[in-house]
Amino acid sequence: MLLIHCPYCNQTLPELEFTYAGEAHIARPADPSSVSDEEWRDFLFIRTNVKGPHYERWRHFHGCGRYFNAVRDTVSDRFLITYKTDDPRPELSKLLEKSK
Amino acid sequence: MTHFSALSLIKNALSGQKNWEPQWPDSEPKAEYDVIIVGAGGHGLGAAYYLAKEHGITNVAVIDKGWLGGGNTGRNTTIIRSNYLYDESAKLYDHALDLWDGLSQELNYNVMYSQRGVLMLAHNVHDVQSFQRHVHANRLNGVDNVWLSAEEAKEFCPPLDISPTARYPVVGAALQRRAGTARHDAVAWGYARGAAARGVDIIQNCPVTAIRRGPDGRVTGVETAKGFIGAKKVAVSAAGHTSVVMDTAGVRMPLESYPLQALVSEPIKPIFPCVVMSNSVHAYISQSDKGELVIGSGTDQYTSYSQRGGLPLIEHTVAAICEIFPIFNRMRMLRKWGGIVDVTPDRSAILGKTPVPGLYVNCGWGTGGFKATPGAAHTLAWTVAKDDPHPANAPFTLERFSTGRLIDEAAAAAVAH
Amino acid sequence: MTVLTHAFTPGPIVASGQVKLTLMAPVARFSLRLRAANIPAVSKAIGVDLATTVGVRAANGTTESICLGPDEWLIIAKPDDADTVTKVCADVYASATHSLTEVSAREVTVRIEGERASELLTIGCPRDIDSIPVGGGCRTVIDGVTVVLWRDAEQSFRMDIWRSFALHIIDLLCTGCKEFAAE
Amino acid sequence: MSSFRVSGRGRVDHTQPIQFTFDGKKIKGFKGDTIASALLANGIHLMGRSFKYHRPRGAVTAGSEEPNALVGTRRGPGRFEPNTRATVQEIWDGLQVNSQNRYPSLSFDIGAINDKAYMLFSAGFYYKTFMWPKSFWDKVYEPFIRAAAGLGVSPTEPDPDHYASRYLHTDVLIIGAGPAGLAAALTAARAGSQVTLVDENPEAGGSLLSEPSAVIEDVPAWDWVAKTVAELKELGVKVMTRTTAIGYYHQNMVGLCEKLTDHLASPDAETPRERMWRVRAKQVVLAQGALEKPLVFDGNDRPGVMLAGSAQTYINRYGVRVGNKAVIVTSHDSAWYAAFDLADAGTTIAAIVDTRSEPNADLIAEATKRGIRIMAGHTVTGTEGRLRVKSVRVNPVTGSTVGQAEIIGCDCLLMSGGWTPSLHLFSHTKGTLKWDDERQTFLPDHKAEECEIAGAGRGLWGIEAVLNDGAEMGAAVAKSLGKKAKAASYGVANDRSGTGVSHKELPTDLDAGKARAFVDYQNDVTAKDLRLAVREGMRSIEHVKRYTTNGMATDQGKMSNINGLNIASDALGVPQPKVGLTTFRPPYTPTTFGAFCGYHKGSHFEVTRKTPIDSWAEENGAAYEPVSLWRRAWYFPKDGEDMHAAVSRECLATRASVGIFDASTLGKIEVVGPDSVEFMNRMYTNPWTKLAPGRARYGLLLGDDGFIRDDGVIGRLADDRFHVTTTTGGAARVLNMMEDYLQTEWPDLDVWLTSTTEQWATIALNGPNARKVLEPFVEGLDMSDEAFPHMSVAECRVGGFPARLFRISFTGEVGFEVNVPAHAGRALWEMLFEAGKKYDICPYGTETMHVLRAEKGYIIVGQDTDGTVTPHDAGLSWAIGKMKPDFVGKRGLARPDLVAEGRKQLIGLLTEDGKTKLEEGAQIVLDPNQPKPMKMVGHVTSSYHSDAAGRPIAMALLEDGFNRMGETIYIPMPDRVIKATVTGTVFYDPEGERLKL
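Chains as they are written, first to last, in this note's numbering: chain A, 830 to 929; chain B, 7 to 423; chain C, 5 to 187; chain D, 978 to 1974.
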């Protein structure tokens, strides 16, 4: 059971309060009608499924209810960072530097 | 290859077991192959076997980052069934079931395919509707699957609690009698032995780091820990690691890899005569030849390659088993383990060609990969050999995710275990 | 031990030397949602300074608030004051938009108190109870069910539970009380 | 008592005799005994039979690593468990113990015939045979193999005990209360850390309990343990015994299983049998000590052959001599001390056989003092004895030459192959191990969690070294928590430190091919099996393990893994690390299912949600059906009615006059804010801008893939406030989806969502007299058709309660849905029911609701749709706001397959004979005479007998269904083919006349 830092509650809390919500930074196209079938497929289905640091979303479901973003290493399951939805996507190299 | 038989066992017993040969050699890579298969699980080894046996293509290497059969082949709960809802799925899994039947003899290796029957429990009206739909569709597809009342289900599986006051009462069940279990390791070993005997190289502990393509876009080979190995065709059959490997060829996949947990109890004398699955409570159970209750759990909620898995899910799974089989409450868990399953958005596999010429993919089996082993292997070999899919795997394309022609077993309320 | 039913009649449920469970009388309860810019205006209207840190409470007389999320507060008031809360909020709506939704009947509240009250919660709450300060609270989970937990004293809590989950959770707490008594 | 019990010795209570039964025979022991110690005290070594060869076996250990002495234990009805380790289970008055895996008796077991044919049953033999004839596998071979395997028998009755669980947060969790754990706990606690110390044994002390002669800081070891535990408790340390750390999970979460009643003769009924603790620790210290390795030689499994350290435990902890005449065989100094303790207690030590040519001179002196024969540079090449070892074959070894054998008589053989650090939990963390060549073992390397390993787990040996290391690690974790900590330095007198060497199987002068040198006792894996596996091409330890089943027994390889590795490594000719180490998996020791279930048993397996009106339904005899977590009234049978009769009556009564229905489980979401209409426009397919406050509309929700996800009636209460209803099962999912889009895609929208599902009790009144029943209770609302037409919503008072009243219909009759605060639900229901009596009001359940809606062709999402159905497929194209630039699902709907011709579409079906009711789920074909596999073109989604239509009706998803109106299709059933005609889906009142007042 993971421990997850909720950036809105500013507390590190047990995974049981959270729900996973898939890969992060996959924006819904602003004008869906203008995109191709392949682009729409990418939005709906294509995932990096990376082995290593993964940008992903969680929801503090049983707590503040907020969706937020995280970078978690899918090999160790360790979180490198969690951040608010409107925060910029953190640069991986800096995160890895920091975690060392 | 030594032919296995009771006679060979006795002969070797009398000679102190000193004369057995290796079942497969541990090969070093050649410079080039006609076909390279990435991933030495049951699917990959089986594909190599069928390439050699049915298509005469023997200049084949199966390459794995670890030991053969060390991935999901050796980590699953060994359930075999084909009572899927959609015609496409039923056809592919039934193709596999036909091959399971007789696989021991075909491979001269006892894979212990045991047609113990798989019982899928219905706990409410919705389950009944959904399983009846399966039963009817299976019947017309020629797939055996019958509907049992709760009492008939109890007769088939005596440990079952069918009291109507249960939190999840059993209101009926779908039974596929041909379904059952097999010995997972033996499947990988049997195919490995059969493939190796036909000239296939099995290269273990050799991670594939990249798929290489030529200027025309066509596959030229793979980069590995042991250097570049040329290949006219490459088939990726790497389960949870498929996304990582395919990404190196520039093909992005609709896959996510989740941890899946399973567990066994301490061994006991025979008590459980079949396989029971309950989608409503997310658990399934059978008893192995050794006597352990083999129990499968659902996937954890987050993607992961850690193979660790959490305690809450296991607690839920065990509670679910004890809810349906209260007599097992005092049994003890012996060990639990995790695998990594690659899951597609419609919970059906992807098996076929890719946008890259000479590159084939077999993945997305989720929790259903083991039962498909001979079918996936056989149709993958066909697809690679002919550069054209076998009718059984033709619908399982990558393109369906653009067109929307999904084979949605998940949406049809059958969790694809 | 009182057998509690879905009628949710307020009163004692179980009392031992170590923990006492009591079903509390109904209150007026509102979910209040708004953006940061409008906090002062709405605070002023209801007369409670809405905290901006999750888990922090504020009160004015019998009207209480707890911040449950960055834009979410739970407001508790006497049943008689429900209409007033609705009205004062409606009055500032035009200039300070927000969402006020009455949820008085959605939950029932159990008081958990006694020397082992916080320990009792550990039978189902994965969150570290010690991390909840006296005078604070949180929305959290117990045995898979979302609840709001108010810590009123070191060993006195209120737990708001959605009605259809309440008997399940109260029953679990009662089981814990029996375990304590048997020790 | 027997001559094997040494009076006054050990930690058992000699003043408290306890009687239990073993295979029906009464056995006496003392309080504090385990089953094994009590049996050994009575001279009984034979406790079980092995898995494959059914060889007689005795306890080889004194702890939880025991592979042999597994027994069935029983405490009256329902309280039986197989495979209990006799070396762990404490005895109590009345405990019933039975041996296992033998027939007819433990001393004479027919299954032992397998042992005679052992040459056939080599590793992997079953992969090579049992294939002919093919049909024999299921019917003959497999049943035979299964019956032979399996150890104990399953319980057959439900478990009457209950189980508990807790969460615990602690600064420091220390696993193992031996010298390292105690010293670590003391140091960390003295530094002010909050500490939890756990041990699987009934008391703290660990190896110190077997070392009473050691003196720590001038205090005898046992007194030191008592003093230390007292101080720990004083410091607030939570000391938990009989508590096994079963698994080490992410971020320092450790699962502990605490046994509470298994040692008690008459436990309190309210005390749970076991409790699962999920501990979250900031720091963990693993102080689990080391496990002694058996030596691998022919006949090393006979009853009476035991680990030397375990024999030392039996004499010192339990006051039990494991025999009268012992031979010691060892490659490690530790076994010498066991010999000395036994010798001092009166056991004759016939010889100490040490494989090393020059054992420690001090030990030799000690042995000589006691008159013990020393055979250095010797090995053991065999044993004799059927149910108990009676002699040992000993040979000198010079280099690789094994000399002349000598037979030495004995009644027990105590062996030690050295010690293996217990790193199972460390292994759970995916921490890495490194091979230590000097110690010939794996030691912890890179850590994956915030933890320290202390004492023997790091390869240290001797009490002083371990105590000091424990103190260091205790200080280290305290420091990492920001505490000032100082590790005490301990001086230990009479310490028993030592060294040893490691072996593969011991050398022999006999035919190695015939040696029965066991590596995995329980699974009957011999050294020869391991070598055979290697010969057959198994090159990784994982393959060797799976091929031979070495390490897969219930001790999870605690006895066998390292010996197996040494032998495989030798056979392969590569060093051990290259062969690899199999992963240890949780739980550390086998753990009761009940402990994992905790409170989630019976009705508490999962919550059953009930509505505020549920109690009325129960009192009025409702039959229930589960719908997601809710239970809902299914129908209300009157005396003698079956479901069909009850539903038929309920349908007729509702259409004739008025029916009342509890719709409280419908999901409700309040959508509020200036942008609420924009939000609704984006989420739902329908247009909402022009819906006036006070009006309601059917809303359809898709996923972005274009398929139907949910539906429900949505009322606009004000410009900026919507009351959204969802399906019962979809409530949480829809709210989650809405929050997802709102927070992630459209955070700029000023709109907020609140779940009000449980705020409101919802009562539906339907039928021509619905208004007459309701109107008298309604205040503040003109209910005329003009003022409050179909598809209206209003806030008013009903029955004196604040209410939201909808005029909507899911039945085709005039319908109202009254929402009142949940606590008022039952009161209002009773008022309406009372008032409705003069109109023969009829309460109905979900089944009647389903029939009534089907008669009107209203769909149930999840029944008539299955996640692959578009609005067009379902005949709901009219619900799409075609002018809207976007909504969730709009783009998905435009994908090629979703706009293709001939998709499966929802249509009505009428069976041709007008009498046959189709089965839901039945498949449709166009040509019933085609061979299998048939081309199926659709399936029946809903099917009911309809009194209103006067015949059975059905809905189905049918390929190109809209273009097949009037066509005949076929439904092949097992016994016949049913013909049906394709129709529209409205079977009753197609013009909607009945909706008018």
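Note that the Cβ used here is the ideal one computed from N, Cα and C, for glycine as well.
Worksheet item: Where in the segment 1459 to 1536 of chain D do unbroken runs of the beta strand (DSSP E), each at least 3 residues long, occur, reported from the N-terminal end onward?
Response: For the segment 1459 to 1536 of chain D, whole beta strand (DSSP E) runs of length 3 or above, ordered along the chain, are 1495 to 1497.
Fill in: Residue closest to L299 of chain B, alpha-carbon to alpha-carbon, out of B:I274, B:V177, B:P397
Cα-wise, what sits closest to L299 of chain B is B:I274.
Practice prompt. For F1684 of chain D, count neighbouring C-beta atoms within 10 Å of its own C-beta (all shown protein chains included) and say buried if the count is 16 or more, exposed if not.
Written response: The residue in question, F1684 of chain D, is buried, as its Cβ has 16 or more Cβ neighbours within 10 Å.
Worksheet item: Grouping DSSP H, G and I as helix and E and B as strand, with all else coil, what is H1700 of chain D?
Response: Three-state result, H1700 of chain D: strand.
Fill in: Test item: CB-CB of N1658 of chain D and G1676 of chain D under 8 Å
No, Cβ-Cβ distance for N1658 of chain D and G1676 of chain D is not below 8 Å.
Worksheet item: Ends of the beta strand (DSSP E) at L78 of chain C?
Response: For L78 of chain C, the enclosing beta strand (DSSP E) has its first and last residue at 76 to 81.
Discussion item. Taking beta-carbon pairs under 9 Å, can you tell me which members of the segment 865 to 893 of chain A lie near chain B?
Written reply: Of all residues in the segment 865 to 893 of chain A, the ones placed with a Cβ closer than 9 Å to any Cβ belonging to chain B are S865, D866, E867, W869, R870, D871, L873, F874, I875, R876, T877, N878, V879, K880, G881, H883, E885, W887, in chain order.
Worksheet entry | chain A contacts from the segment 120 to 131 of chain C (Cβ-Cβ distance under 7 Å) | Taking a C-beta cut-off of 7 Å against chain A, the contacting residues of the segment 120 to 131 of chain C are P130, R131, listed in chain order.
Worksheet item: Where does the unbroken beta strand (DSSP E) through S1732 of chain D begin, and where does it stop?
Response: S1732 of chain D -> beta strand (DSSP E) spans 1729 to 1732.
Discussion item. For the alpha helix (DSSP H) containing F1573 of chain D, name the first residue and the last one.
Written reply: The continuous alpha helix (DSSP H) containing F1573 of chain D extends over residues 1570 to 1574.
Item to complete: Output, in chain order, the set of chain A residues within a Cβ distance shorter than 7 Å of F407 of chain B.
Response: Going along chain A in sequence order, the residues near F407 of chain B (Cβ under 7 Å) are R870, F874.
Worksheet item: Nearest chain A C-beta to G344 of chain B closer than 8 Å, yes or no?
Response: At a cut-off of 8 Å between beta carbons, G344 of chain B makes no contact with chain A.
Discussion item. Give me, in chain order, the residues of the same chain whose beta-carbon lies closer than 7 Å to that of A422 of chain B; leave out the 5 immediate sequence neighbours on both sides.
Written reply: Note that A422 of chain B scores a pLDDT of 30, beneath 50, so its modelled location is shaky; the value from the coordinates is reported in the next line. Excluding positions up to five away in sequence, the list reads R353, G372, T373, G374, E415, A416.
Practice prompt. Could you check if S1466 of chain D is buried or exposed, using at least 16 other CB atoms within 10 Å of its CB as the buried criterion?
Written response: With fewer than 16 other beta carbons inside 10 angstroms of its own, S1466 of chain D counts as exposed.
Practice prompt. Starting from the Cα of L181 of chain B, find the closest Cα among B:S169, B:Q121, B:E229, B:G220 and give me that residue.
Written response: Checking every option, the nearest Cα to that of L181 of chain B belongs to B:Q121.
Discussion item. Relative to the C-alpha of E158 of chain B, which candidate in B:G178, B:R145, B:T171 has its C-alpha closest?
Written reply: For E158 of chain B, the nearest C-alpha among the options comes from B:G178.
Worksheet item: Can you pull the DSSP bridge partners for K1002 of chain D?
Response: When DSSP reads this structure, K1002 of chain D sits in a beta bridge with D:F999.
Worksheet item: Using Cβ-Cβ distances below 7 Å, what residues of the segment 1589 to 1600 of chain D are close to chain C?
Response: Answer set for the segment 1589 to 1600 of chain D: P1589, D1591, S1592.
Fill in: Cut-off 7 Å between Cβ atoms - residues of its own chain near D167 of chain B, not counting five sequence neighbours on either side
Sequence-distant partners of D167 of chain B (beyond 5 residues in either direction) whose C-beta falls short of 7 Å from its own C-beta, in its chain, are I330, F331, P332.
Worksheet item: What in chain D is Cβ-close to D906 of chain A, meaning under 7 Å?
Response: Ordered by position in chain D, the residues that pass the 7 Å Cβ test against D906 of chain A are H1227.
Item to complete: Pull out every residue of the segment 248 to 268 of chain B whose Cβ sits closer than 8 Å to any Cβ of chain A, in chain order.
Response: Per Cβ criterion, the list reads S249, V250, D253, R258, M259, P260, L261, E262, S263.
Worksheet item: Would you report the Cα separation of V1654 of chain D and W1665 of chain D, rounded to the nearest angstrom?
Response: Each residue's alpha carbon lies about 6 Å from the other.
Item to complete: Consider the Cβ of L845 of chain A: report whether some Cβ of chain B lies at a distance smaller than 8 Å.
Response: Chain B contact via Cβ: present.
Item to complete: Count the other CB atoms, across all protein chains shown, that sit within 10 Å of the CB of A419 of chain B; report buried if there are 16 or more and exposed otherwise.
Response: The predicted position of A419 of chain B is uncertain, since its pLDDT is 46 and thus under 50; no value can be drawn from it.
Worksheet entry | Distance, W1593 of chain D Cα to A1610 of chain D Cα | Approximately 10 Å between the Cα atoms of the pair.
Worksheet item: Helix or strand or just coil, what does DSSP make of A170 of chain C?
Response: The answer is helix: DSSP assigns A170 of chain C an H, G or I state.
Worksheet item: Under 8 Å between C-beta atoms, does R110 of chain C make it to chain A?
Response: At a cut-off of 8 Å between beta-carbon atoms, R110 of chain C makes no contact with chain A.
Item to complete: Determine, using beta-carbon pairs with one atom in the segment 1756 to 1763 of chain D and one in the segment 59 to 78 of chain C, whether at least three such pairs fall under 8 Å.
Response: Taking a cut-off of 8 Å for Cβ pairs, the segment 1756 to 1763 of chain D and the segment 59 to 78 of chain C do not touch, as fewer than three such pairs fall below it.
Practice prompt. Run down chain B in chain order and give the residues with a C-beta less than 7 Å from the C-beta of A1126 of chain D.
Written response: Correct list: P273, D295, K296, G297.
Worksheet item: Taking 8 Å as the CB-CB cut-off, is G1514 of chain D touching chain B?
Response: Yes, G1514 of chain D counts as interfacial toward chain B.
Practice prompt. Determine the contact status of V1172 of chain D and T1205 of chain D, defining contact as a CB-CB distance below 8 Å.
Written response: It is not a contact, given that the beta carbons lie outside the stated cut-off.
Practice prompt. Could you please give the first and the last residue of the uninterrupted alpha helix (DSSP H) stretch that includes C93 of chain C?
Written response: For C93 of chain C, the uninterrupted alpha helix (DSSP H) segment begins and ends at 86 to 97.
Practice prompt. Anything in chain B within Cβ reach of T911 of chain A, meaning under 9 Å, just list it in chain order.
Written response: Neighbourhood of T911 of chain A in chain B, by CB distance below 9 Å: empty, with the nearest CB roughly 13 Å away.
Worksheet item: Between the segment 985 to 993 of chain D and the segment 29 to 46 of chain C, do three or more beta carbon pairs fall short of 8 Å?
Response: Contact fails: fewer than three Cβ-Cβ distances are below 8 Å.
Practice prompt. Could you say which of B:K160, B:P265, B:G22 lies nearest to H247 of chain B if we only look at CA atoms?
Written response: The shortest Cα separation from H247 of chain B among B:K160, B:P265, B:G22 belongs to B:P265.
Discussion item. Between V1775 of chain D and chain C, is the shortest Cβ-Cβ distance under 8 Å, so that the two count as touching?
Written reply: By this cut-off, V1775 of chain D is not an interface position.
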